[in-house]
Amino acid sequence: MPQITRLALVMVVLMGTAALGQAPARPVYEVYAIRYATLPDFPVSALVKDADPSRKVDLAMAVWLVKGNGHTILVDAGFYHERFFKDWTLKDFMKSSEAVMQAGVRPEEITDVIITHMHWDHADGMDLFPRARIWIQKDELSYYAGEAWQKADTHGGIDPEDVQTLVRFNTEGRVGLVNGDNQEIIPGVVCHIGGKHTYQSQYVSVNAKDGTVVLASDNMYLYENLEKHRPIGTTLDSDSNLRAQDHMKQIAASEKFIVPGHDIKVFEKFPAIAARVVKID
């Protein structure tokens with residue numbers, strides 16, 4: 004074999020070996036918090052276990068937008084059906100499908116909706132995004148489509164019509180079932196089992212330019228939960244909730260990038276890019 008041919012062959016083998024040893028770069032996403040309403044004067048004791056029951060706080064009702072790698076992802080979907088307004092008085096309400104437009108995204112451009120749990124204020128708006136694939140923990144859907152309704156006290160905050168909508172979407176091939184912890188459902192977007200806010204709630208971590216952003220949703224209502232290491236006030240397992248918060252601290256780039264589910268301070272802490280919209284940056 005001529006020397007030049009042998010040299011070329013060696014170079015090809017070496018380059019191939021180097022390529023095998025290099026992991027592909029993870030996609031980098033932009034992350035935004037979008038406030039679609041404010042819920043005034045909510046008792047902090049329902050948010051932070053053992054908090055003073057006389058304390059009240061305004062809550063941000065929010066969804067989170069994740070953009071990049073050919074995906075436009077919404078984490079949670081808010082609510083909009085009239086049946087919910089008889090029990091709750093909100094300020095500045097806007098459908099989540101309208102709120103995302105404040106960030107320059109049309110509802111039909113949402114490719115994926117990740118439902119962190121089946122409570123009505125997080126799941127009800129999933130049908131506002133007609134082209135989206137809906138992601139939910141497999142055990143969350145299974146439980147609330149079945150066993151939860153065998154007793155009167157095991158489906159608080161779950162709307163049966165929302166469950167029926169999700170089951171229908173599943174029959175139409177629009178649902179992705181997340182099977183357990185630490186599941187990368189889209190490159191750079193990982194679902195983690197939450198702290199038992201519901202039967203199998205989840206939270207989401209996202210690879211962003213400054214490292215991992217954690218979108219806690221209701222697995223951590225307020226910054227106060229993290230700062231005082233206190234579980235949320237509404238959980239099926241307080242110890243599980245604290246373990247979930249501890250894990251958030253382990254995987255986030257810093258505590259700055261752990262985003263609570265309802266803390267209005269999120270919209271003061273991060274830079275605004277539009278009315279109701281801040282960039283987690």
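If you're matching positions, the sequence shown starts at 4 in my numbering and goes up one per residue. For each residue, glycine too, the CB sits at the ideal point set by N, CA and C.
CB contact flag (residue i, residue j, <8 Å)
i      : j      : result
Trp138 : Ile118 : yes
Ser204 : Thr215 : no
Asp221 : Gly264 : yes
Tyr129 : Thr168 : Note that residue 129 corresponds to Met in the displayed sequence, not to Tyr. Contact flag set, yes.
Lys59  : Val47  : yes
Leu131 : Tyr83  : yes
Ala126 : Ser99  : no
Val178 : Phe172 : yes
Thr75  : Ile113 : yes
Tyr39  : Val78  : no
CB-CB length for residue i against residue j, believed under 8 Å
i      : j      : result
Ile267 : Tyr35  : About 16 Å separates the two Cβ atoms, so there is no contact after all.
Met251 : Val280 : Going by Cβ atoms, the distance from Met251 to Val280 rounds to 23 Å, so no, they are not a contact pair.
Gln253 : Leu229 : Between Leu229 and Gln253 the Cβ distance is about 13 Å, and since that is not below 8 Å, they are no contact.
Ala151 : Val31  : In fact, because the Cβ distance is near 38 Å, the residues do not count as touching under 8 Å.
Ala49  : Gly236 : 4 Å
Ala148 : Val116 : Contact doesn't hold; Cβ gap of about 18 Å is too wide.
Buried or exposed by the 16-neighbour rule on C-beta atoms within 10 Å, applied to residue i
i      : result
Asp55  : exposed
Pro274 : exposed
Ser257 : exposed
Asn182 : exposed
Arg296 : Examination of residue 296 is not possible in this model, given that the chain is present from 4 through 284 alone.
Phe260 : buried
Pro110 : buried
Thr201 : buried
Asn244 : buried
Gly234 : This sequence places Pro at residue 234; Gly is not what is there. Its Cβ being crowded by 16 or more others within 10 Å, Pro234 is buried.
Ala219 : buried
Lys199 : buried
Check: residue i C-beta below 7 Å from any heavy atom of the ligand ZN
i     : result
Arg86 : The ligand content of the structure shown is nil, which means the ligand ZN is not present either.
*Are three or more beta carbon pairs between the segment 236-244 and the segment 66-80 nearer than 8 Å?*
no
* Would you be able to state if there are at least three C-beta pairs under 8 Å between the segment 101-111 and the segment 139-154? => No: fewer than three Cβ pairs fall under 8 Å.
**Q.** 3-residue-minimum beta strand (DSSP E) runs that sit fully inside the segment 219-278, ordered along the chain
**A.** 261-263, 275-277
Length-filtered (4 minimum) alpha helix (DSSP H) runs lying within the segment 86-135: 99-102, 123-126
Q. Unbroken beta strand (DSSP E) runs of length 3 or more, entirely within the segment 164-199: which are they?
A. 178-181, 186-189, 192-196
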